[in-house]
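Numbered per our numbering, the sequence shown spans residues 60 to 429. Ideal Cβ placement from N, Cα and C applies to all residues, glycine included. Okay, structure first, notes after.
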Amino acid sequence: MTGKCILSVDDDAINQEIIEGIIDDRYALIKAYDGAECLEKISEGKPDLILLDVNMPRMNGLEVCKKLRYDGEDIPVIFVSALTSPEERLAGYKVGADDYITKPFNHDELLTKIDLLLTNHQIKKELSVSSQQATQITMTAMSGAAEIGNILRIIQETFYSEDVITLGKNILKGLDNYGLPGCLMLQLGEKITFIFSDGIERPLEKDILQQVQHTERIISFGRRSIYNGIYSSLLIRLMPEDEEVCGRWRDNLAILIDSVDARLKSLAIEKKRDYYQLALQDTLFKVQNNLQLIHENYIEQRLKNVDIIRNLILDMEESFAILGLSEEQEKQILEKLLMTEKEVDHLYDLGMSVEEKLNEVVTSLKAVVD
């Protein structure tokens, strides 16, 4: 036993027995069979975590969670439900649930989610006092131009981010300094990356961001807000309580998500540029190799042509004695052969000239690529 107490709320006794069998060795268990009884149990003594069914008599799970959050209760809540559609998950998140698991569930998955939420909640409680003080001091100091200056400093960090991970961490670190913890979803090409301000992965937040990315630009529910761009989405878990300050931050965060989009677009262009540069370098390397082969073939072919023509001249000179040609005829034939040799040399020189020009083009392209 860890000393932690779990409140399981479900109108199905069999489900209650299953949950008891899973967690009884690790946590103390309290049972409630509908929403109203759940609230009664909480008034008697707060549990450390609530496993909450959605469909129940008297008061359903969504109403229970909504009331708890309205009353300021921050007890971690995991919905345990057979309802699996994206809309139903989103409904759970909107009323303040921390996670969602569908029936029938994996035993290890349930224990892992419980352990993770309890750990996160403990960390949150330990940091709560200092965080609230820091947030209050920061928010008091910020107003108008100061807020714009702060958001511009965060935006500036995007310019120096050379990859998606660095970009996300710089943004969330800057926001965390002002008491705005959250999660970023960044898309570069076909790859989607999720980054959390505290490094703790939250599957439900990932699901929500993917579901609402291409809906409204700004979505607010309670003190949580989502800001959607084309290639990115930002979720803030705890917006400022002061409505005026919250409104200013809402505008600033909408500007911030645009700058994140711009940097992602720039990174995509840089990635494509690097790809084409490597491809061009590879092509130039192949062209250079081929030109070298052509050059070697030219030399070899020229030597062969010279040998052929010279051997032909020698053969003709030896044949003149038996052909009975006049001296003038012999002279004309030799002149023709010598002229052919010069023409062959001229063709070789033209080929070498073309090769030189191609080498000049390759050298120019290589200078641009390098």
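For a test of the three-state rule: what should DSSP assign to residue i, helix, strand or coil?
i           : result
residue 272 : coil
residue 367 : helix
residue 219 : coil
residue 398 : helix
residue 62  : coil
residue 344 : helix
residue 287 : strand
residue 143 : coil
residue 175 : helix
residue 133 : coil
residue 297 : coil
residue 162 : coil
residue 127 : helix
residue 315 : helix
residue 292 : strand
residue 259 : coil
residue 227 : helix
residue 245 : strand
Contact defined as beta carbons within less than 8 Å: I believe residue i pairs with residue j. What is the distance between those atoms, to the nearest angstrom?
i           : j           : result
residue 229 : residue 220 : 5 Å
residue 315 : residue 290 : Not confirmed; about 14 Å, so no contact.
residue 287 : residue 271 : 7 Å
residue 231 : residue 268 : In fact, because the Cβ distance is near 14 Å, the residues do not count as touching under 8 Å.
Classify residue i: buried if its beta carbon has 16 or more other beta carbons within 10 angstroms, exposed otherwise.
i           : result
residue 276 : exposed
residue 172 : buried
residue 264 : buried
residue 182 : exposed
residue 299 : buried
residue 311 : buried
residue 72  : exposed
residue 215 : exposed
residue 75  : buried
residue 213 : buried
residue 369 : exposed
residue 332 : exposed
residue 274 : exposed
residue 28  : Outside the shown range of the chain (60 to 429) lies residue 28, about which nothing can therefore be said.
residue 104 : exposed
residue 292 : buried
residue 91  : buried
residue 217 : buried
Margin query: With three or more C-beta pairs closer than 8 Å as the rule, is the region 275-289 touching the region 253-265?
Written below: The region 253-265, when compared against the region 275-289, does not touch it at the 8 Å Cβ threshold.
Checklist line | Within the region 68-118, ranges of the beta strand (DSSP E) (whole runs, at least 3 residues) | finding: The qualifying runs are 87-91 and 108-111.
Note to self: Within 8 Å, do at least three Cβ pairs link the region 155-162 to the region 240-249?
What the structure shows: Cβ pair count under 8 Å is below three, so no.
Check: Below 8 Å, can you find three or more Cβ-Cβ pairs linking the region 71-90 to the region 117-125?
Finding: No contact exists between the region 71-90 and the region 117-125.
Next item on the list: Tell me, please, whether the region 129-137 touches the region 92-109 by the rule of three or more beta-carbon pairs shorter than 8 Å.
Entry: Three or more pairs of CB atoms, one per stretch, sit closer than 8 Å, so the region 129-137 contacts the region 92-109.
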